[in-house]
């Protein structure tokens with residue numbers, strides 16, 4: 003990996019990417035391939051790149067979904083990088099050879115071979131506009147003509163995604179839609195002690211204020227402190243405070259676990275588990291303030307916003323990582339050199 007030496011703080015980079023995760027790495031790769039003369043720097047707060055990507059799909063890396071927006075574009079770009087797909091019966095795509103670590107190493111190798119500068123352990127605390135953009139961290143300054151926010155959301159805070167990008171973008175004038183843990187286990191009023199450890203396939207529905215708003219099929223996982231499983235976590239996308247929410251379960255068309263006494267249940271929602279268990283962040287930068295073709299801010303020329311930092315969330319199954327890839331592709335392929 004190539005790391006930049008910061009002996010001269012007056013240097014002005016063409017593009018600085020804040021965040022060395024999925025969208026940040028791919029954005030740098032695509033941009034450098036298209037414009038070899040650009041001086042690009044990736045800054046990562048943690049000690050290593052792509053920490054969150056490494057745990058995607060429990061390390062198997064559900065890289066995209068055949069039903070996701072921009073699937074053909076993602077497939078084209080990934081194959082160009084040497085990453086092929088294998089697809090399961092539900093359209094979820096995984097690396098043809100390897101896992102999340104393989105994908106991460108492939109991206110890092112491309113970053114290095116293209117000569118993209120990287121600095122890990124660099125926590126950007128503020129971005130301001132002077133003649134160019136000034137990024138500050140612990141009294142250090144880096145200058146850039148263009149800044150890409152690939153800072154992620156607030157899920158997986160132990161891996162570095164603690165919402166820093168939202169703070170900086172709000173200061174720059176962007177509206178941040180309320181942030182909520184999403185794709186997360188759901189807490190309920192009823193005592194789940196006797197349900198502990200049960201896994202049961204069926205149909206689950208979320209009713210809000212008496213109206214059914216989402217239905218999912220899959221396996222419910224009963225925990226002593228919450229309801230979980232992909233189907234339940236998908237329901238969590240629509241749960242909002244201040245509303246009466248219940249989850250209805252129908253197991254009548256499935257083989258019933260001997261530990262269950264009924265084939266239908268209703269649970270009263272009390273809340274969501276926190277950021278440490280959330281797979282994604284609901285909320286983020288208001289989409290109306292971003293040109294979704296180029297990912298450029300409509301408020302500030304030369305500011306770009308990618309991935310989970312935006313108010314755009316999808317279901318489990320590769321949709322959210324697809325958005326990260328697609329936003330990087332749109333930025334990299336549509337970036338105009340005259341933006342410098």
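Numbering (our numbering), first residue to last: 3 to 342. We put the beta carbon where it would ideally sit given N, CA and C, even for glycine.
Would you call residue i buried or exposed, if buried means 16 or more other Cβ atoms sit within 10 Å of its Cβ?
i	result
residue 282	buried
residue 4	Unreliable placement is indicated for residue 4, whose pLDDT of 41 sits below 50; the coordinate value is still reported in the next sentence. Exposed.
residue 254	exposed
residue 10	Bear in mind that a pLDDT of 46 at residue 10, under 50, signals an unreliable position, so the model cannot answer this.
residue 246	exposed
residue 331	buried
residue 294	exposed
residue 60	exposed
residue 231	buried
residue 150	buried
residue 271	buried
residue 7	Residue confidence is low: residue 7 scores 41 on pLDDT, short of 50, so the model does not pin down where it sits. Its coordinate-derived value is still stated next. Label assigned to residue 7: exposed.
residue 289	exposed
residue 183	buried
residue 310	buried
residue 213	exposed
residue 106	buried
residue 156	buried
When you compare only the Cα positions, how much space is there between residue i and residue j?
i	j	result
residue 275	residue 65	25 Å
residue 329	residue 205	33 Å
residue 134	residue 128	14 Å
residue 233	residue 220	5 Å
residue 292	residue 179	13 Å
residue 110	residue 259	46 Å
residue 174	residue 319	33 Å
residue 98	residue 263	42 Å
residue 164	residue 125	11 Å
residue 49	residue 301	32 Å
residue 40	residue 115	14 Å
residue 54	residue 46	12 Å
residue 256	residue 218	14 Å
residue 298	residue 308	9 Å
residue 62	residue 286	27 Å
residue 317	residue 121	33 Å
residue 216	residue 208	5 Å
With H, G and I counted as helix, E and B as strand and the rest as coil, what does DSSP make of residue i?
i	result
residue 196	helix
residue 250	strand
residue 389	Residue 389 cannot be examined here, being either before or after the span of the chain that is shown, 3 to 342.
residue 299	strand
residue 172	helix
residue 1	For the chain, the structure presents residues 3 to 342; residue 1 sits outside this window and is missing.
residue 67	strand
residue 330	helix
residue 207	strand
residue 85	coil
residue 289	helix
residue 10	Only weak support is given to the placement of residue 10: the predicted model assigns it a pLDDT of 46, under 50, and the value that follows is read from those uncertain coordinates. Residue 10 falls in the coil class under three-state DSSP.
residue 16	strand
residue 128	strand
residue 338	coil
residue 139	strand
residue 3	Confidence at residue 3 is low in this model, with a pLDDT of 44, below 50, so its placement is unreliable and the value that follows should be read with caution. In this structure, residue 3 counts as coil in the three-state DSSP scheme.
residue 228	coil
residue 311	helix
residue 96	strand
residue 317	coil
residue 49	coil
Let me check understanding here. Comparing Cα to Cα, which of the options lies closest to residue i?
i	options	result
residue 89	107, 70, 106	70
residue 94	131, 67, 252	67
residue 34	278, 156, 112	112
residue 25	335, 337, 338, 323	323
residue 194	224, 79, 202	224
residue 170	142, 190, 136, 192	136
residue 296	272, 337, 280	337
residue 303	118, 130, 12, 37	130
residue 189	314, 241, 132	241
residue 146	278, 42, 310, 279	42
residue 201	212, 30, 261	261
residue 325	213, 279, 154, 83	154
residue 168	15, 312, 13	312
residue 44	248, 244, 18	18
residue 191	273, 31, 12	273
Considering just the uninterrupted stretch of the beta strand (DSSP E) at residue i, what are its terminal residues?
i	result
residue 148	142-151
residue 181	178-184
residue 62	From DSSP, residue 62 is part of no beta strand (DSSP E); its letter is neither H nor E.
residue 119	119-122
residue 262	Element bounds for residue 262: n/a, residue is neither H nor E.
residue 189	188-190
residue 43	42-46
Residue i lies in the alpha helix (DSSP H); which residues open and close that run?
i	result
residue 75	73-82
residue 102	102-115
residue 233	232-237
residue 56	53-56
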